[in-house]
Amino acid sequence: MSDSTAGRYLAALRDGRLRRLVLIGAVASLVVPLELGGTGVARSTPGEPTIAAAPDAASPKPRTIITQDGEVDDMDSFIRFLYYANEFDIEGIVHSSSIFHWRGADPDAPAGPTACGGWAGRGPCTEPWRWTGTEWVDEYIDRYEEIYPNLIKHADGYPTPDYLRSIYRIGNVDWSGAMSKDTAGSDLIKSVLLDDEPGPVYVQAWGGLNTLARALKSIELDYSGTSKWHAIQQKISDKLVIYNILTQDDTLAAYIRPNWPDVKIIDNQSQFWSFAYNWDRTVPEPYQYTLKADYMVSNFLEGHGSLLERYRTYGDEKPVPGEDRDIRWTPESIAPGGQYERYDKYDFISEGDSPAFMHLLDGNGLRARENPTWGGWGGRFAEVGYGWLDTSDYNPFTGQNDRSFPQTRWVEAIQNDFAARADWGVSGYDDANHNPRARVPQGLDRTRRPGHPVVLTPRVTDPDGDAVTVDWWQYQEAGTYPGDVDLTTNPGGVTRFRVPDDAQPGQTIHLILEATDDGTPALTHYQRVVVTVR
1 MSDSTAGRYL AALRDGRLRR LVLIGAVASL VVPLELGGTG VARSTPGEPT
51 IAAAPDAASP KPRTIITQDG EVDDMDSFIR FLYYANEFDI EGIVHSSSIF
101 HWRGADPDAP AGPTACGGWA GRGPCTEPWR WTGTEWVDEY IDRYEEIYPN
151 LIKHADGYPT PDYLRSIYRI GNVDWSGAMS KDTAGSDLIK SVLLDDEPGP
201 VYVQAWGGLN TLARALKSIE LDYSGTSKWH AIQQKISDKL VIYNILTQDD
251 TLAAYIRPNW PDVKIIDNQS QFWSFAYNWD RTVPEPYQYT LKADYMVSNF
301 LEGHGSLLER YRTYGDEKPV PGEDRDIRWT PESIAPGGQY ERYDKYDFIS
351 EGDSPAFMHL LDGNGLRARE NPTWGGWGGR FAEVGYGWLD TSDYNPFTGQ
401 NDRSFPQTRW VEAIQNDFAA RADWGVSGYD DANHNPRARV PQGLDRTRRP
451 GHPVVLTPRV TDPDGDAVTV DWWQYQEAGT YPGDVDLTTN PGGVTRFRVP
501 DDAQPGQTIH LILEATDDGT PALTHYQRVV VTVR
């Protein structure tokens, strides 16, 4: 930690703002006897193997479809996604295109050198542009098959490799914004949107939205003008949730929003950059070690199986076939005077699309899927007319609000969690770490009048018998009460506060319980308690 960063850290500690920072010990660092909440250091008795960060039994897995364009960061995100595949009801994996990548095989595509991207210097739509092909997905699933026997030793629910192969489809890939014809990918999306299974369907747009747009257009063509159209349109609008990264073609503005105005969109236009190519400019310095070469090599790149052998990093000398513009993999790019000289070989390169599925991880306990304004591993968002858009959190390292901190505040825990799952792929159960489990017997949704006390008693278990550190903090930005509350936490982990006298009926106060074990890597499970003023 640099002197300037340390100074900001200490200033934040002194004025009480550090409660907004995810950092064990920032408010109250406690090691509690597991399951009893007494004092001192204790270790739990190892129980039966359980899913690390597993969803509660009452919470069904979120239904989701991935659409991606084959960029190197999509490839890295897909690798991470496969390690978390047990957490989702995966309905489809669809290869699409974007303004950055297209196949260029359609002679009827728009003419002109910038028609597909609108940016000078791009090639015509009828020719491939940075096209990495579609076969890599099959290869990665083959490599997943090699670690699958180990993964299922650690957690239930991992889909079989054959199932993943069965739901992979090629969508509208010929050019950026292509949506003039049905494809196997658009047909899959269409089928899922029209089915009668309950619950929302989250379509993750890692690349362009054109294949989804074609699915919606096909539904419109089938039903518009019929007696079923209004009901079908309402059904789809109630069911579909888009998690959009950057907006990588024009079909959202040109077709989806005008014709499906009630479809909900989680619009990540800026937070994702903190988990993408320029991460060093936004991730707080104390967390950057989890993205640097030493951490990446020891936790992912060496000795962790064939799937992670395909994980790309800066200067790693692993070119992506078909990617003829990006140079980040070359040693020259990170050499002195190179375009990316500030990075070292094997530094994290990018997973700009991973927030789309990390938002859906119910099992970490943050409950972000309940409301995008609450925040979690996939960022935090403010309500807008069409859904939700990036918002900001106070960053104690910079002393100001910024749009990166809703994402970067979680980076250390996110990376450690992935490192544990990387170990799962090559280890038996007893040779890897698993998340502790925290709960709050008083309930996660409370109501209290102004001036009344709130008392919360954590209960924590750890499947590996590790000691667990407990920390409570207020996520002030996630709540609607605009001020801070005065948390008092005793050595047994019991926290209490009084609802402020100026709190108004209906306002909410969000408290986060972090339970972090002392295993390697250290893993965290959360609970979010929402107190509503009455």
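Under full-length UniProt numbering, the first residue of the sequence shown is numbered 1, with each subsequent residue one higher. Cβ coordinates follow ideal geometry from the N, Cα and C atoms, glycine included.
Under the three-state DSSP convention, the category residue i falls into
i	result
T290	helix
D502	coil
K235	helix
K153	helix
R437	strand
H95	strand
F100	coil
Q442	coil
Q204	strand
V470	strand
P521	coil
W136	helix
R496	strand
W273	helix
D417	helix
K264	strand
T516	strand
A53	At A53 the pLDDT is 39, less than 50, meaning the model places this residue with poor confidence and gives no usable figure here.
L209	coil
P355	helix
Y394	strand
F78	helix
E323	coil
Rounded separation between residue i and residue j - CA only
i	j	result
F418	P284	19 Å
G185	V533	47 Å
L487	F497	5 Å
S224	V201	22 Å
L389	Y287	25 Å
P321	Q507	53 Å
G385	T226	29 Å
K228	P372	32 Å
W279	L221	43 Å
Y295	Y343	14 Å
G375	E139	34 Å
Y526	N395	20 Å
E48	P128	Reliability of the predicted coordinates at E48 is poor, the pLDDT of 36 falling under 50, and the value obtained from them is presented with this limitation in mind. Straight-line Cα distance between these residues: approximately 52 Å.
E383	D267	10 Å
Y168	W136	11 Å
T290	Q234	44 Å
Y83	Y148	9 Å
V468	T461	8 Å
S350	Q415	13 Å
A368	T408	15 Å
G157	G492	35 Å
E309	G425	12 Å
Beta-carbon contacts of residue i that lie in its chain and below 6 Å, excluding the five residues immediately before and after
i	result
K264	V241, G387
R325	R130
D445	V530
R143	S306, L307
Q504	none
E323	R130, T132
Same chain, Cβ closer than 8 Å to residue i, five either side skipped, listed in chain order
i	result
L456	V440, Q442, W472, V494, T495, R496, L511, L513, V529
D431	D423
D106	C125, T126, D174, W175, A178
T391	T373, R380, F381, A382, R403, P406, E477
Paired residues, beta bridge with residue i - DSSP
i	result
D510	In the sequence as presented, Asp is not what sits at residue 510; that position holds His. Partner(s): V530.
G171	Looking at the DSSP assignment, G171 forms no beta bridge with any residue, so it has no partner.
L240	V201
W374	Partner(s): none; W374 has no beta bridge.
Q339	Looking at the DSSP assignment, Q339 forms no beta bridge with any residue, so it has no partner.
N299	According to DSSP, which records beta bridges pairwise, N299 is partnered with nothing at all.
P453	R498
L389	D267, A382
Q68	H95
T447	T532
Nonlocal neighbours in the same chain, by C-beta distance under 7 Å from residue i, ignoring five residues either side
i	result
K153	G428, Y429
Min CB distance residue i to chain D below 8 Å
i	result
A413	Absence of chain D from the displayed structure is noted, only one protein chain being present.
(request) Tell me, please, whether the segment 208-225 touches the segment 249-267 by the rule of three or more beta-carbon pairs shorter than 8 Å. (result) yes
(message) Taking contact to mean 3 or more Cβ pairs, one atom from each stretch, closer than 8 Å, check whether the segment 356-365 and the segment 293-310 are in contact.
(response) no
(request) Report yes or no: do the segment 154-163 and the segment 94-103 share at least 3 C-beta pairs separated by less than 8 Å? (result) Touching, no.
(request) Kindly confirm or deny that the segment 191-210 and the segment 172-180 touch, where touching means at least three C-beta pairs closer than 8 Å. (result) For the pair of segments examined, the segment 191-210 was found to touch the segment 172-180: the number of CB pairs separated by less than 8 Å reaches three.
(message) Taking 8 Å as the cut-off, does the segment 105-115 touch the segment 69-87 (at least 3 CB pairs, one atom from each stretch)?
(response) no
(request) Report yes or no: do three or more beta-carbon pairs, one from the segment 187-206 and one from the segment 65-76, lie closer than 8 Å? (result) yes
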